[in-house]
Structure formats: C-alpha cells, structure tokens
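Protein chains: 2
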Amino acid sequence: MTNAVDRLNQAGTRLTEPRRRLARLVDRQPGPFTAADLLSTVEQESRPIGRATVFRTLALLEAEGVVERIDLPNGDHAYVACAGGRHHHHAVCVECGRVTDLPDLDVGLDVAELSRRSGYEIQAHRIELFGRCADCRR
Amino acid sequence: MTNAVDRLNQAGTRLTEPRRRLARLVDRQPGPFTAADLLSTVEQESRPIGRATVFRTLALLEAEGVVERIDLPNGDHAYVACAGGRHHHHAVCVECGRVTDLPDLDVGLDVAELSRRSGYEIQAHRIELFGRCADCRR
DNA sequence: CATCTTGTTGAGACCGAGTATCATCCGACG
DNA sequence: CGTCGGATGATACTCGGTCTCAACAAGATG
C-alpha cells in the first residue's frame, strides 16, 4: 500500500522527522480529521511539533494528493486521507461526521454539456453528499 | 421580483432598520460577496451597523433561503443572493471569482442509486464547479 | 567524514472571521 | 400609548490559520 510517508518521499521535498511523524499520523486516522485534531495529538507527544509545521505539512500533503480537504456543512474544514490518487467524491454523515469515499460517482455529470450551458470552461468540480450513514440509520 | 426585504418580511421575524438596510444591500450585490464586504460597506455609512448584527442577519438570510453560502476553493466563505428558492448549484470562476447559478443541474445525479451504493440516506448535496467564466476566457 | 547550502522548523506575534455577553433599545401588538 | 421580548451594538474573546525570523538539520558535495 502506498502510504503517506512513501508518497511524501517521492515528492521533491525533504523527508524530515516532523513530516514523517505527521504522515504516519495521518495514515492512522480512521476517518476525517481537522488540523486541530492533529495538533492536539501531536502536542501531547514527547517531542511536540510546532503549530505552523502542522499546517504547513497538511498543505504539503494536500498538494501531493495524499489528503483532501472537505468543507463540512457547518463551515469548518476537515481533511481525509485519500488512498489512491484517483478522482472521487465524498459522502459526509451529518450525525457522526464520518466521511466515505465515492470513487465512481461522475457517472451522471456531463462536463462538456455543463461547459456549454454555463459558458464556463470547467476545470474541476466537487460533489459533496450529506446524509446519515449506514450505522447511524440503525 | 421577490427581493430580500420582502422575503424577510414574510419570515416570522422583526423587520428592523438594520435588517432592512442589509437586505437591500444584499439585493444590490452583483455577484458573490463575503461578510467582510458587507461589513466594510456598512461601516462607512452614516449610521454604521454592528459587526455582530451583520453576521446574525446573514445567518438569518441564509436560513430564509435568501442567500446561500458557498465555499470557495481557497477555503473562505462567500455568499450569493439566490433569486428563487429553487434548488440549484453554482459555478465559480477561478479567475474573477464570479459565481453563476445553475438551476437545473441535477440531471445526472440519481439520488436513489447513490443512497443504495453508499449506504447513506442522502439528505442534501452540493455540487460546485470551478473554471473560467465566459468573460475570462476571452 | 567534514562541510556547506538551502529548505525546514518552532516560538511567538499577529490577523481576521466569527461568537458570547449584556445593557440598551425599538418593533409589533394589544 | 405602554409594554415586552426580540434585536442591537460595543467590546471582549475564541480559534483557525499565517508571518517572521533565528536556529537547525537533510542531503549534496568534496
């Protein structure tokens, strides 16, 4: 499995100790997490990592496609580790906050048609679904 | 045309002077705007409106469906006045920031199918397109 | 292995969006 | 016109995120 550390290694950046630790931490996240989550975890460790570094590394990981930022309905930002680099979307559970990847969702989205109708040259899109996940429905 | 003031009037809230002024201001916005935009406009007027009131009124307008909040790719929040109450989505120009409503976009989105595949009970969704608008392409 | 260069780190100040508090005020309604 | 509960606004505060800058270490080079 291509984990976050490996992927960082392949980027043209230095593989420093804080980055390695943060990447490993991200890999271990079961669901979505916020920058604050990482911060509080890391601050309790024997050798804390600076606030700025956490944000910087998160930005780096996002640029490398290791994590993706999603906008929760309440307005704040969370990150999810994205296994493959492939294009996909997310479903967010409004109850427990869990996020599920939906790899092959594009099916109905005809980008060419959208471009025509909107007059935009569409470069990217984001689809977010909100609802109750299987567990919370029970 | 049902303007923001009218719609506020129909809600079960008090039609106070600051709200009226803000609603009128929102109506006059040509494109998307941030809370800060409103604030700076309003602070220059002869009788300024308090910071808190601007945010409160914006939340009220959003609850009434008069404006909708969109999340820009850079992470900050903007608002757009939404003419009708109907469900629609937005295209955001990555160059000039303009936002265009796309009223009948759902076409390809089969919610029932999505529910089945994701296990989620889908309650809402959001589609945001990013690209260059017709003007910026020239 | 020693050295050098350049990217990275971390402490802390800073910034800006948004919220909480609370005394005052005023819109709606009787 | 008087009342009263919702709305206002000044201000303090929180919190996510950025900036700055001196100290540091990764990795290249000899």
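Just so you know, the sequences run in chain order R and S.
The number in the working numbering is simply the position in the first sequence, starting from 1, with 340 added.
The number in the working numbering is simply the position in the second sequence, starting from 1, with 340 added.
Backbone N, C-alpha and C fix where the C-beta goes; we use that ideal spot for every residue, glycine too.
Anticipated Cβ contact below 8 Å, residue i with residue j, distance rounded
i                : j                : result
Leu398 (chain S) : Thr381 (chain S) : Actually they do not touch by this definition, with Cβ atoms about 13 Å apart.
Ile467 (chain S) : Ile389 (chain R) : In fact, because the Cβ distance is near 36 Å, the residues do not count as touching under 8 Å.
Tyr460 (chain R) : Gly471 (chain S) : 4 Å
His417 (chain S) : Gly415 (chain R) : 6 Å
Glu404 (chain R) : Ala351 (chain R) : 5 Å
Ala421 (chain R) : Ala474 (chain R) : That pair is no contact at about 20 Å.
Asp450 (chain R) : Asp411 (chain S) : So it is not a contact: roughly 23 Å between Cβ atoms.
Continuous beta strand (DSSP E) stretch holding residue i: start and end
i                : result
Asp441 (chain S) : 439-442
Ala351 (chain R) : It is not in any beta strand (DSSP E) - Ala351 (chain R) carries neither H nor E in the DSSP assignment.
Buried/exposed call for residue i, threshold 16 Cβ in 10 Å
i                : result
Ala392 (chain R) : exposed
His427 (chain S) : exposed
Thr440 (chain R) : buried
Leu355 (chain S) : exposed
Arg359 (chain S) : buried
Leu348 (chain R) : buried
Pro370 (chain R) : exposed
Ser386 (chain R) : exposed
Glu413 (chain S) : The residue you asked about is not Glu; residue 413 (chain S) is Pro in the sequence shown. Exposed.
Asp346 (chain S) : exposed
Phe373 (chain R) : buried
Ala363 (chain R) : buried
Ala376 (chain R) : exposed
Ala464 (chain R) : exposed
Ala452 (chain S) : exposed
Span of the alpha helix (DSSP H), counted from its first residue to its last, around residue i
i                : result
Arg360 (chain S) : 357-368
Glu383 (chain S) : 375-383
Glu468 (chain R) : Taken as a continuous stretch (DSSP letters only), Glu468 (chain R) belongs to no alpha helix (DSSP H), being part of the beta strand (DSSP E) at 461-472.
Arg456 (chain R) : 451-458
Entirely enclosed beta strand (DSSP E) segments - the region 401-431 of chain S, minimum 3 residues: 407-411, 417-421
Can you list, in chain order, the residues of the region 374-402 of chain R whose Cβ is nearer than 7 Å to any Cβ on chain S? none
Of the residues that make up the region 432-466 of chain R, which ones have a beta carbon closer than 8 Å to any beta carbon in chain S? Cys433, Val434, Thr440, Leu442, Leu445, Val447, Gly448, Leu449, Asp450, Leu454, Ser455, Arg457, Ser458, Gly459, Tyr460, Glu461, Ile462, Gln463, Ala464, His465, Arg466
Given a limit of 7 Å on CB to CB distance, which residues of the region 353-367 of chain S reach chain R? none
For the region 406-429 of chain R, enumerate the residues whose C-beta is nearer than 8 Å to any C-beta of chain S, in chain order. Arg409, Asp411, Pro413, Gly415, His417
What residues in the region 466-478 of chain R bring their beta carbon closer than 8 Å to a beta carbon of chain S? Arg466, Ile467, Glu468, Leu469, Phe470, Gly471, Arg472, Cys473, Ala474, Arg477
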